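> A single structure is presented below for examination.
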Amino acid sequence: FLLPIMMAVMVSKRVADSSTHGLYHALMEMKCIPFLANEPYHPDGLEVYQAKQIMCSPVVTLNEVPSVRDIANVMKTTHNAFPVVEQSERGAIFKGTISRLRLRTILSHSATFLETPSSLPQVQLSHSTLEDPQDDEFTVEEESSVFAHISELEYGMFVDLRPYMNTSAHSIQELFSVRDTYQLFRAQALRHLVVLDAFGCVKGIITRKDLVGQRIEEMLPALSYQRQTEITRESQARAVELSVSAGSKNLEMGPV
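Position one of the sequence shown corresponds to residue 38 (the numbering used here), numbered consecutively onward.
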């Protein structure tokens, strides 16, 4: 009786997997864990869509030497990391990213504060201090206590983030395909990805939650309509070009 039982179990599992998610997958969705499957699915194929169509914009950013007040303001959000930028005529040029953990550690050491943006810090934090595993256990109340110890005078001071930011953070162009973006998240185990324009300016950001099945399914109908509109416009433009080209050839040939 062992062989029939094994066959029944295998067939039932195959039928169940083809019709719905597995139990562990459902539990991860209930706990809001942004799990990415091996292959994304969409009838049109995700390679026809671009990163700019799923990115979140505008992005909460920090300058390379922001004020303590600016850091405190961005930490009122729930974001885990922030792009560090340099302001220019073209826009905010991407320089790197800095995590919420590092910002929290920096704010808890007032010796890193600067009186002016061009001043030199009294202390530069070591790598072991920045990556202290105990800091990951901070609660919301403990994080709020960090701000409670900052005086009004210190809020007007500055912090040089350049020694602490991640200058090798991944980024992509806004024309990057959604499929390649998905594979990059899986291959590099990324939590977020900054989207740039052709000049290296920050245009948006993509997180793992933007690529999970439910989120993609919510966005795809709008994307499908948008893509159809683009294809229609491209076809119309191509038809106009062909008609103009044919008319030019007839003029060159002249009357028969």
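By construction, the Cβ of each residue, glycine as well, lies at the ideal position given by its N, Cα and C atoms.
As the structure is a prediction and not an experimental result, all values here were calculated from the model.
1) Leucine 230 to serine 156, Cα distance in whole Å?
2) Check serine 147 in the structure and name its three-state DSSP category.
3) Check whether the region 187-197 and the region 86-106 touch, using three or more Cβ-Cβ pairs below 8 angstroms as the test.
4) Among Ser55, Phe184, Ile42, Leu212, whose alpha-carbon lies nearest the alpha-carbon of glutamate 84?
5) Are the beta-carbon atoms of valine 239 and proline 120 separated by less than 8 angstroms?
6) So arginine 228 and threonine 204 are in contact, right, with Cβ under 8 angstroms, and what is the actual spacing, rounded?
7) Quickly, what does DSSP pair serine 208 with across the bridge? List them, please.
8) Take alanine 148 as the anchor and find which of Ser136, Ser165, Ile187, His116 has the nearest alpha-carbon.
9) Go through its chain and collect everything with a Cβ distance to leucine 73's Cβ below 8 angstroms, but skip five positions before and after it.
10) Hey, how far is the Cα of threonine 134 from the Cα of serine 125?
11) Using DSSP bridges, identify the partner residues of serine 104.
12) Name, in chain order, the residues that DSSP records as bridge partners for valine 97.
13) Mind checking valine 232: buried by the 16 CB within 10 Å criterion, or exposed?
14) Let me see if you follow: with CB-CB separation under 8 angstroms, is valine 183 close to chain C or not?
15) Pick helix, strand or coil for phenylalanine 131, following the three-state DSSP scheme.
16) For isoleucine 91 versus methionine 202, is the C-beta spacing smaller than 8 angstroms?
17) Residues in the same chain with beta-carbon distance under 6 angstroms from glycine 237, minus the five sequence neighbours each way, listed in chain order, please.
18) Closer than 6 angstroms by C-beta to serine 163: which residues in its own chain qualify, once you throw out the five before and the five after it? Chain order, please.
19) Quick one: using the 10 Å Cβ neighbour count with 16 as the cut-off for buried, is arginine 270 buried or exposed?
20) Going by alpha carbons, who is nearest to asparagine 100 out of Glu123, Met112, His116?
21) How about threonine 114 and valine 97: are their beta carbons less than 8 angstroms apart?
22) Helix, strand or coil, according to DSSP, for alanine 226 in the structure here?
23) State the Cα-Cα distance for the pair aspartate 197 and phenylalanine 150, rounded to the nearest angstrom.
24) Use the C-beta contact count for leucine 39: other C-beta atoms within 10 angstroms, 16 or more gives buried, fewer gives exposed.
25) In whole angstroms, what is the alpha-carbon distance linking arginine 141 and serine 182?
So, from the data block:
1) 32 angstroms
2) helix
3) yes
4) Of all alpha-carbon atoms in Ser55, Phe184, Ile42, Leu212, the one lying nearest the alpha-carbon of glutamate 84 is that of Leu212.
5) yes
6) Going by Cβ atoms, the distance from arginine 228 to threonine 204 rounds to 17 angstroms, so no, they are not a contact pair.
7) Val231
8) Ile187
9) Within the same chain, Cβ atoms closer than 8 angstroms to the Cβ of leucine 73 are found at Tyr219, Phe222, Arg223, Arg245, Leu248, Val249, the five residues on either side in sequence being excluded.
10) 18 angstroms
11) Phe195
12) Answer is none; valine 97 lacks a bridge partner.
13) buried
14) Chain labels in this structure do not include chain C; a single protein chain is all it has.
15) Three-state DSSP puts phenylalanine 131 in a strand.
16) No. Outside cutoff.
17) Ile130, Phe131
18) none
19) With fewer than 16 other Cβ atoms inside 10 Å of its own Cβ, arginine 270 counts as exposed.
20) Glu123
21) The criterion of a C-beta distance shorter than 8 angstroms is satisfied by threonine 114 and valine 97.
22) In the structure shown, alanine 226 sits in coil (DSSP, three-state: anything other than H, G, I, E or B).
23) Taking the straight line joining both Cα atoms gives about 8 angstroms.
24) exposed
25) 11 angstroms
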